[in-house]
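Accompanying notes for the structure given below.
In the UniProt record's numbering, the protein residues as written are 1 to 482.
Here you go:
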C-alpha cells in the first residue's frame, strides 16, 4: 500500500507544467455562454438515471476497539489548545449558551453594518481573533499561516488541508436573483473572479508538497453562482482561473479538493469537478483532483456510483472526499436521510466500497473497479475505526487519508497520530482542515462550524468530556498523582 497519499509526499507529476501566473484576457460585456459536452454528460450524476446492477452486499469489518496507547492521545496537544478547545466545546454543548451565540454569529456573518464587520471594527476583530478565529482558522497572512501549519506538523499530523475562506451562501431571494447574472463583464472578472483566483493561488503556494488545498467555487462571485445554479460550463475567464490553480497545484505537488456546497449548486459543482478530473487524473493510479460526496444525502450512493462508472469508462482516477455534510440549515430537509443511523450506515458503506475497490449494495456497478483515492473526512470515531479495520485486515486497495476540522474532534485526530507514533509500521495519514483569510471572510465558515456543533451535540459533549479528562490528567501529573 505504498503511495504518496499515505506517505504525505508529492504525487508523481505527469502532466505538462504551466506558468503560475493567471493571465485572463478582458472579455466583452454580454458574453453569450454556450453549453458544451459537459452538459451532455450531466446525467452521469443525476438522480434521474438509476443503475439496476444487482450485487451482493459486502461485509464491512467491525470497528477497531479504542486504542490503548501508553499515554492519552490528547497529551500531544499544547495546553493553550486544550483550554481554547474546552471553552469552545463548553459553549457548543450548552443549551443555554449556544442559541444566543449562534444568533450573534449569524448577524456578524451576514451584516452590512460596518460596526458589526470584524474587518472594520478593531475591537470586535480582536475579540474574535483571540477566540473562535484562533480555534478554527490558520491566520490572515503568510507568516501566521505557516506558523499554524508547522505547529500541527510538529504535533505529528501528516499535513493540512488548506482553504481560502471567501465564499457565498445564498438566501432563497438571492438565488432567484441570479437569473439576471448571465453576463460576464469586465467588472465581474476584475472584482470577483480574479480576487478569488489570486486568493486560491496563494493558498496553493502556502501549502507544502503532500498537502491538500480545498477550494469553493462560490468564492468567485455572481457569474460562478449563476453558472453553477443553471449547470452551465465555466465561462472562459472562470475556466482559465480554475485551470491555472490546477496547474500550479501540479507544479507544487499539492492535491486539490473541490468542496461541496449548497444543494442548488451541487450538480453544477459536480460537472466542473468531473471536467477537471478528466484532465488531471487521466491515466493515473491515484487521484490529484478530488470531488466531495455528502453521505447525508439520499442520492449520494447513486451519484458516487455514476461517477465511478464514468471513471471506469474514461480511464481516470476518481478522488473521493467523503463527508456527512454541513448544509443542514440551508438545504431542504427532504434531501437528507431520515435518521442519523441511516447517514452513518451510508457513510461507512461508501467508504468501504472505495477503500476496498469492491462494489456493494450502495455503490453499484460491474466489472473492474476504477482507480480511486479516498479522504475520510469524519469526526465520527466509529467511522474512522471502520476504515482502519479494513486497513488492518489487509483489504485496502485505494490510497486513504483521514481528515478532521481544525479545532474539532481532536480526540479522533490525536488517536490517529498516537497510533501512528506508537507503531511505525502503521501508516495513518492524519490531516487537519484549516481555513485562512481575514476575520470577516471567515465568519460564514465559523457560523457553519457552530451549527455543525449544534447538530451533533452528543459528539460535541464527547469531545468536551475528553478534553476535561485530559486537563484533569495533566493536573494530577503536575502534583505527582498520575
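Yeah, the Cβ is synthetic: ideal placement off N, Cα and C, and Gly gets one too.
Three-state secondary structure assigned by DSSP to residue i
{"i": "residue 328", "result": "coil"}
{"i": "residue 361", "result": "coil"}
{"i": "residue 442", "result": "coil"}
{"i": "residue 193", "result": "helix"}
{"i": "residue 476", "result": "helix"}
{"i": "residue 463", "result": "helix"}
{"i": "residue 33", "result": "In this predicted model, residue 33 has a pLDDT of only 37, less than 50, meaning its place in the structure is not dependable; the value taken from the coordinates is given anyway. Coil, per DSSP."}
{"i": "residue 255", "result": "strand"}
{"i": "residue 292", "result": "strand"}
{"i": "residue 45", "result": "With a pLDDT of only 47 at residue 45, under 50, the local geometry of the prediction cannot be trusted, and the value read off the model is given with reservation. Three-state result, residue 45: helix."}
{"i": "residue 23", "result": "Low confidence applies here, because residue 23 scores a pLDDT of 42, under 50, leaving its location unreliable and the question unanswered by this model."}
{"i": "residue 224", "result": "helix"}
{"i": "residue 373", "result": "strand"}
{"i": "residue 469", "result": "helix"}
{"i": "residue 51", "result": "With a pLDDT of only 38 at residue 51, under 50, the local geometry of the prediction cannot be trusted, and the value read off the model is given with reservation. Note: residue 51 maps to coil in three-state DSSP."}
{"i": "residue 483", "result": "Residue 483 cannot be examined here, being either before or after the span of the chain that is shown, 1 to 482."}
{"i": "residue 153", "result": "helix"}
{"i": "residue 283", "result": "coil"}
{"i": "residue 322", "result": "strand"}
{"i": "residue 231", "result": "coil"}
{"i": "residue 38", "result": "With a pLDDT of only 47 at residue 38, under 50, the local geometry of the prediction cannot be trusted, and no value is derived from it."}
{"i": "residue 67", "result": "With a pLDDT of 41 at residue 67, under the threshold of 50, the modelled position of that residue is not reliable, and no figure is offered here."}
Selection from the options that minimises the alpha carbon distance to residue i
{"i": "residue 207", "options": "253, 298, 100", "result": "253"}
{"i": "residue 146", "options": "407, 476, 291, 202", "result": "202"}
{"i": "residue 241", "options": "296, 255, 85, 220", "result": "220"}
{"i": "residue 192", "options": "341, 211, 218", "result": "218"}
{"i": "residue 360", "options": "158, 204, 304, 342", "result": "304"}
{"i": "residue 144", "options": "476, 352, 435", "result": "435"}
{"i": "residue 205", "options": "316, 245, 133, 334", "result": "245"}
{"i": "residue 271", "options": "113, 141, 224, 470", "result": "224"}
{"i": "residue 257", "options": "290, 251, 235", "result": "290"}
{"i": "residue 339", "options": "298, 216, 470", "result": "298"}
{"i": "residue 292", "options": "324, 306, 329", "result": "324"}
{"i": "residue 321", "options": "426, 389, 365, 212", "result": "212"}
{"i": "residue 397", "options": "353, 429, 415", "result": "353"}
{"i": "residue 81", "options": "151, 388, 124", "result": "151"}
{"i": "residue 393", "options": "426, 412, 159, 300", "result": "426"}
{"i": "residue 189", "options": "214, 235, 165", "result": "235"}
{"i": "residue 75", "options": "447, 431, 413", "result": "413"}
{"i": "residue 295", "options": "341, 280, 284", "result": "341"}
{"i": "residue 199", "options": "410, 185, 73, 165", "result": "165"}
{"i": "residue 251", "options": "365, 288, 260", "result": "288"}
{"i": "residue 85", "options": "468, 446, 332", "result": "468"}
{"i": "residue 362", "options": "480, 300, 280, 337", "result": "300"}
{"i": "residue 284", "options": "399, 479, 461, 334", "result": "399"}
Continuous beta strand (DSSP E) stretch holding residue i: start and end
{"i": "residue 315", "result": "From DSSP, residue 315 is part of no beta strand (DSSP E); its letter is neither H nor E."}
{"i": "residue 164", "result": "159-164"}
{"i": "residue 433", "result": "430-436"}
{"i": "residue 390", "result": "Unbroken run through residue 390 is the alpha helix (DSSP H), 381-392; no beta strand (DSSP E)."}
{"i": "residue 403", "result": "399-405"}
Terminal residues of the alpha helix (DSSP H) in which residue i lies
{"i": "residue 351", "result": "340-356"}
{"i": "residue 367", "result": "First-last for residue 367: undefined, no H or E at that position."}
{"i": "residue 263", "result": "263-280"}
{"i": "residue 213", "result": "Residue 213 -> not in any alpha helix (DSSP H); beta strand (DSSP E) instead, spanning 212-215."}
{"i": "residue 419", "result": "410-422"}
*asked:* Under 8 Å, with one C-beta from each stretch per pair, do the region 373-388 and the region 347-356 reach the 3-pair mark?
replied: The region 373-388, when compared against the region 347-356, does touch it at the 8 Å Cβ threshold.
*Which whole runs of the beta strand (DSSP E) in the region 91-146 are 3 residues long or more, in chain order?*
Under the rule that a run must span 3 or more residues, the beta strand (DSSP E) segments found entirely inside the region 91-146 read 137-139.
_Between the region 266-276 and the region 217-231, can you find at least three pairs of beta-carbon atoms closer than 8 Å?_
Cβ pair count under 8 Å is three or more, so yes.
_For the region 401-409 against the region 365-381, do three or more pairs of beta-carbon atoms, one drawn from each stretch, fall closer than 8 Å, so that the two count as touching?_
The answer is yes - the region 365-381 touches the region 401-409, with three or more Cβ pairs under 8 Å.
*Tell me, please, whether the region 127-137 touches the region 434-448 by the rule of three or more beta-carbon pairs shorter than 8 Å.*
Because the criterion of three Cβ pairs below 8 Å is met, the region 127-137 and the region 434-448 touch.
*asked:* Closer than 8 Å is the cut-off here; do at least three beta carbon pairs connect the region 101-111 with the region 416-430?
replied: No, the region 101-111 is not in contact with the region 416-430.
*When the Cβ atoms of the region 300-317 are set against those of the region 362-372, are three or more pairs found closer than 8 Å?*
The region 300-317 is in contact with the region 362-372.
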